[in-house]
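Everything below concerns the one structure shown next.
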Amino acid sequence: MRAHIVLAGAIVAAIAAVLGIAAALGAFSSSGSPAAAPAAGTRVEGHATIAVLGTNGKPIRRSRIDLHFLPLGPNHAGRAVWGILSGRNVAGDWDVTLAGTACPKTNRLFCQLYEADATTRAFDATADAKKLKVALASAGPGAFETVLAGTLPIARSGTIVRVATGLQSCPPVATAGRDCDVFYDPISDQALPTPVRVSARQRLSIRVEIGFGT
2 MRAHIVLAGA
12 IVAAIAAVLG
22 IAAALGAFSS
32 SGSPAAAPAA
42 GTRVEGHATI
52 AVLGTNGKPI
62 RRSRIDLHFL
72 PLGPNHAGRA
82 VWGILSGRNV
92 AGDWDVTLAG
102 TACPKTNRLF
112 CQLYEADATT
122 RAFDATADAK
132 KLKVALASAG
142 PGAFETVLAG
152 TLPIARSGTI
162 VRVATGLQSC
172 PPVATAGRDC
182 DVFYDPISDQ
192 ALPTPVRVSA
202 RQRLSIRVEI
212 GFGT
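Numbering (our numbering), first residue to last: 2 to 215.
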């Protein structure tokens, strides 16, 4: 079974544990309304590192940003997370989306990284790549972080101004951690403080780390 099947379960278990801890600490009143939050607690946090690689494969420059996670409301991230937590859905594949003028107009200025088994209709081979690897970091300061990493070829010069992540929320009969040919629910979406400039025939290396902090 692939590592990120275990990873998806770990994320769900961790989120469930956080919710349980919050309830135990009185984050919700007996009426179900939000109560005063504790001064410090556990939160989901993420970082993205984007490196521009030269034709020799060596990094030319790097940008590192903090990721903002979308609200856990009835749409988007909430729909995926709560569907998985409730057992109505299972976690499928991840994707990473970059946006900017370095990506083709025919792909709505998006460049996307998918996992190797991606079959979804969102995949456009002219602008995207099935080079995304998903793993669970097991040692060091980033232990137990979800790590999404891969490289993407660039066909034209321009800039990258945005990075986002998505997760498939699959039917309960689907195999966890496998593509189920549905679109990806957005999990995080972040504008880059400084656009990343890239030239044609260069590549971008993307690494996203998602974990829990205080």
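All C-beta atoms in this analysis are idealised placements derived from N, C-alpha and C, irrespective of residue type, glycine included.
- Query: Given a threshold of 16 other Cβ atoms within 10 Å of its Cβ, counted over all protein chains shown, does A49 qualify as buried or as exposed?
  - Reply: Here the question's residue 49 lines up with position 48 in the sequence shown. With 16 or more other Cβ atoms within 10 Å, it is buried.
- Using 10 angstroms around the beta-carbon of I155, count the other beta-carbons present and answer buried if the total reaches 16, otherwise exposed. The sequence position of residue 155 within the sequence shown is 154, counting from 1. Under a 10 Å Cβ-count criterion, I155 is classified as buried, with 16 or more other Cβ atoms of the shown protein chains found around its own Cβ.
- Query: Closest to G167 by CA distance: which of I188, A150, V183 is it?
  - Reply: Counting from 1 along the sequence shown, the entry for residue 167 is found at position 166. Minimum Cα distance to G167 is reached at I188.
- Query: Quick one: complete alpha helix (DSSP H) runs, 4+ long, within the segment 69 to 149?
  - Reply: The segment 69 to 149 contains, as complete alpha helix (DSSP H) runs of 4+ residues, the segments 78 to 86 (chain order).
- Task: Could you tell me how far apart the beta carbons of L133 and V97 are, in whole angstroms, since I believe they sit closer than 8 Å?
- Result: The residue you call residue 133 lines up with position 132 of the sequence shown. The residue you call residue 97 lines up with position 96 of the sequence shown. Taking C-beta atoms under 8 Å as the contact rule, L133 and V97 qualify, at a distance of about 6 Å.
- For R80, which option in G178, S206, Q169 has the closest C-alpha, if you only look at C-alpha atoms? Reading the sequence shown from its first residue, position 79 is the one you call residue 80. Nearest to R80 by C-alpha distance, out of G178, S206, Q169, is Q169.
- From E46 to V209, what distance separates their C-alpha atoms? Taking the sequence shown and counting its residues from 1, the one referred to as residue 46 is at position 45. Taking the sequence shown and counting its residues from 1, the one referred to as residue 209 is at position 208. Approximately 11 Å, taken between the alpha carbons.
- Alpha carbon to alpha carbon, how far is L205 from Y185? Numbered from its first residue, the sequence shown carries residue 205 at position 204. Numbered from its first residue, the sequence shown carries residue 185 at position 184. Computed Cα separation, rounded: 21 Å.
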